[in-house]
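Written below as structure tokens is the structure these notes are about.
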Amino acid sequence: VVAAMVEPNGGLEGTIKDRRLANEDRKWERKMRQLEREREEERKAEEAAKKRHKLDEQTATQIEAIASATFQPSAEALLDPKAYFAQWQQFSSSGARKYPGHRPPAKGPQDV
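Take this note's numbering: the last position of the sequence shown gets the number 112, and nothing is skipped along the way.
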């Protein structure tokens, strides 16, 4: 009489091994997606920083251009103080409008 040996897990080793390998593959794919996502976020952050830096340089250039503009009154304004003051006011107010990011400072309760 030959006693047949019974397998302890009833022939499930193959499916268990396949499932374990599939789980490891999914785990690896998830890690790779996460790594790719992090790299993409870093790239976007660098692009945003470059864009912000470029915008800051442009605004600094615009501010310098506005600041470097000097008031040149007309010949008649040199003789008439009212005309001189009117031209100076127009120059001062137009200089603030040239720079789109400029906002006049907020008035606090002490300024009113």
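Yeah, the Cβ is synthetic: ideal placement off N, Cα and C, and Gly gets one too.
- Our two residues, Ala49 and Ala69, have alpha carbons roughly 30 Å apart in a direct line.
- One alpha carbon belongs to Ala22, the other to Gly14, and they sit about 12 Å apart.
- Contact between the segment 54-72 and the segment 87-96 is established, with three or more Cβ pairs separated by less than 8 Å.
- Residue ranges of uninterrupted alpha helix (DSSP H) with 4 or more members, entirely inside the segment 39-107 and ordered along the chain, are 75-79 and 81-98.
- Between Glu76 and Ala83, the gap from beta carbon to beta carbon is short of 7 Å.
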